[in-house]
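Structure first, commentary second.
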Amino acid sequence: MIELPLRDVPTAAPVTDTETVWRGRIFDVVRETLTLPSGSVTREFVAHAGAVAVVALDEEDRVLLIRQYRHPVGVSEWELPAGILDVPGEPPVEAARRELAEETDLAADEWHTLADHRSSPGFTDEALRTYLARGIREVPEADRHERVDEEVDMPTRWVPLEEVVEAILAGDLQNPTLVIGVLAAHASRERGWSTLRPADAPWESRPGRR
1 MIELPLRDVP TAAPVTDTET VWRGRIFDVV RETLTLPSGS VTREFVAHAG
51 AVAVVALDEE DRVLLIRQYR HPVGVSEWEL PAGILDVPGE PPVEAARREL
101 AEETDLAADE WHTLADHRSS PGFTDEALRT YLARGIREVP EADRHERVDE
151 EVDMPTRWVP LEEVVEAILA GDLQNPTLVI GVLAAHASRE RGWSTLRPAD
201 APWESRPGRR
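In terms of full-length UniProt numbering, the sequence shown opens at residue 1 and continues consecutively.
Pasting the structure below:
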């Protein structure tokens with residue numbers, strides 16, 4: 001048995017044809033023909049700009065959650081503040097700062113990279129980076145973002161980190177970014193936050209198609 005390294009390795013299969021089947025505002029649907037050791041195959045997938053999320057943790061180790069309706073699954077979920085990387089040239093951590101302010105009227109003095117994940121690599125190249133934000137403070141009222149559309153009615157709640165972990169393990173909270181971010185925060189805290197990476201840590205899996 002070959003002892004392979006315990007890390008994901010970028011491996012680009014040769015692509016012989018690429019076609020954008022459908023183009024949307026947030027994502028595209030792409031069809032590619034590629035060459036694998038078994039021969040030529042065709043794959044269709046969702047091409048996405050990527051996203052960032054924030055585990056905002058206050059001095060009492062409470063996590064800020066946002067409740068949002070998700071129509072494809074017909075569920076009002078508790079989620080982390082998050083948003084798409086849709087501003088050209090904007091560093092991911094700055095996108096996270098912006099999303100936290102726009103969705104919650106909060107800012108943070110301390111930022112670290114907490115976890116990276118791919119939402120569903122079998123059918124999309126979407127990658128997400130989750131940050132840990134501490135030193136939480138309110139954005140001055142004059143500088144607050146004016147919310148529109150679904151952002152207008154998104155309840156928020158501060159919940160103890162341990163309570164969110166228990167809700168995840170009970171199956172009551174199922175949003176994948178929330179699950180990964182909160183469990184990563186809990187595990188990192190148990191290790192004295194020694195696993196945290198700099199806010200500008202390299203992000204190899206960030207999509208670059210859109």
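Ideal Cβ placement from N, Cα and C applies to all residues, glycine included.
Rounded to the nearest angstrom, what separates residue i and residue j at their Cα positions?
{"i": "Ser-188", "j": "Leu-196", "result": "7 Å"}
{"i": "Gly-37", "j": "Ser-120", "result": "Correcting the residue identity first, residue 37 is Pro in this sequence and not Gly. Rounded to whole angstroms, Pro-37 to Ser-120 spans 23 Å at the Cα level."}
{"i": "Thr-156", "j": "Arg-134", "result": "17 Å"}
{"i": "Val-73", "j": "Thr-42", "result": "28 Å"}
{"i": "Thr-11", "j": "Glu-146", "result": "43 Å"}
{"i": "Thr-16", "j": "Leu-34", "result": "6 Å"}
{"i": "Leu-85", "j": "Arg-62", "result": "26 Å"}
{"i": "Val-159", "j": "Leu-64", "result": "6 Å"}
{"i": "residue 231", "j": "Ala-13", "result": "Since the first and last residues shown for the chain are 1 and 210, residue 231 lies out of range."}
{"i": "Val-9", "j": "Gln-174", "result": "28 Å"}
{"i": "Arg-209", "j": "Ala-184", "result": "At Arg-209 the pLDDT is 49, less than 50, meaning the model places this residue with poor confidence and gives no usable figure here."}
{"i": "Arg-191", "j": "Glu-32", "result": "43 Å"}
{"i": "Val-29", "j": "Pro-176", "result": "22 Å"}
{"i": "Gly-89", "j": "Leu-4", "result": "35 Å"}
{"i": "Asp-125", "j": "Arg-25", "result": "16 Å"}
{"i": "Asp-143", "j": "Arg-129", "result": "26 Å"}
{"i": "Gly-171", "j": "His-186", "result": "17 Å"}
{"i": "Phe-27", "j": "Glu-163", "result": "34 Å"}
{"i": "Leu-44", "j": "Glu-141", "result": "Reading the sequence as shown, one finds Glu at residue 44 and not Leu. C-alpha separation (whole angstroms): 46 Å."}
So residue i is in the alpha helix (DSSP H); what residue range does that whole segment cover?
{"i": "Ser-40", "result": "Where Ser-40 is concerned, there is no enclosing alpha helix (DSSP H), although the beta strand (DSSP E) it sits in stretches over 39 to 48."}
{"i": "Pro-176", "result": "176 to 190"}
{"i": "Pro-92", "result": "92 to 104"}
{"i": "Val-15", "result": "Taken as a continuous stretch (DSSP letters only), Val-15 belongs to no alpha helix (DSSP H), being part of the beta strand (DSSP E) at 15 to 23."}
{"i": "Ile-84", "result": "Counting along the chain, Ile-84 falls outside any alpha helix (DSSP H), though it belongs to the beta strand (DSSP E) covering 82 to 84."}
{"i": "Val-165", "result": "161 to 169"}
Do residue i and residue j have their C-beta atoms closer together than 8 Å?
{"i": "Leu-161", "j": "Leu-57", "result": "yes"}
{"i": "Val-93", "j": "Tyr-131", "result": "yes"}
{"i": "Ser-127", "j": "Pro-202", "result": "In the sequence under discussion, the amino acid at residue 127 is Ala, which differs from the Ser named in the question. Contact: no."}
{"i": "Val-165", "j": "Val-55", "result": "no"}
{"i": "Val-46", "j": "Phe-123", "result": "yes"}
{"i": "Glu-70", "j": "Glu-59", "result": "What sits at residue 70 in the sequence shown is Arg, not Glu. Not closer than 8 Å, so no."}
{"i": "Ser-194", "j": "Arg-118", "result": "no"}
{"i": "Glu-110", "j": "Ile-66", "result": "no"}
Check the C-beta distance from residue i over to residue j and give it rounded, since I have them as a contact under 8 Å.
{"i": "Leu-80", "j": "Leu-178", "result": "5 Å"}
{"i": "Thr-113", "j": "Ala-199", "result": "6 Å"}
{"i": "Val-139", "j": "Asp-105", "result": "5 Å"}
{"i": "Arg-137", "j": "Ala-107", "result": "6 Å"}
{"i": "Ala-68", "j": "Met-154", "result": "According to the sequence as given, residue 68 is Gln; it is not Ala. Right, their Cβ atoms sit about 5 Å apart."}
{"i": "Ala-82", "j": "Ala-49", "result": "Actually they are not in contact, since the Cβ atoms of Ala-82 and Ala-49 sit about 13 Å apart, beyond 8 Å."}
How would you write the range of the beta strand (DSSP E) that residue i sits in, first residue to last?
{"i": "Val-73", "result": "Taken as a continuous stretch (DSSP letters only), Val-73 belongs to no beta strand (DSSP E), as it is neither H nor E."}
{"i": "Leu-196", "result": "Taken as a continuous stretch (DSSP letters only), Leu-196 belongs to no beta strand (DSSP E), as it is neither H nor E."}
{"i": "Pro-27", "result": "First, the amino acid is wrong: residue 27 is Phe here, not Pro. Element bounds for Phe-27: 27 to 36."}
{"i": "Arg-129", "result": "127 to 138"}
Got a sec: is the Cβ-Cβ distance from residue i to anything in chain D below 8 Å?
{"i": "Asp-17", "result": "No chain D is present in this structure, which holds just one protein chain."}
### Message
Taking 8 Å as the cut-off, does the stretch 97 to 116 touch the stretch 20 to 27 (at least 3 CB pairs, one atom from each stretch)?
### Response
no
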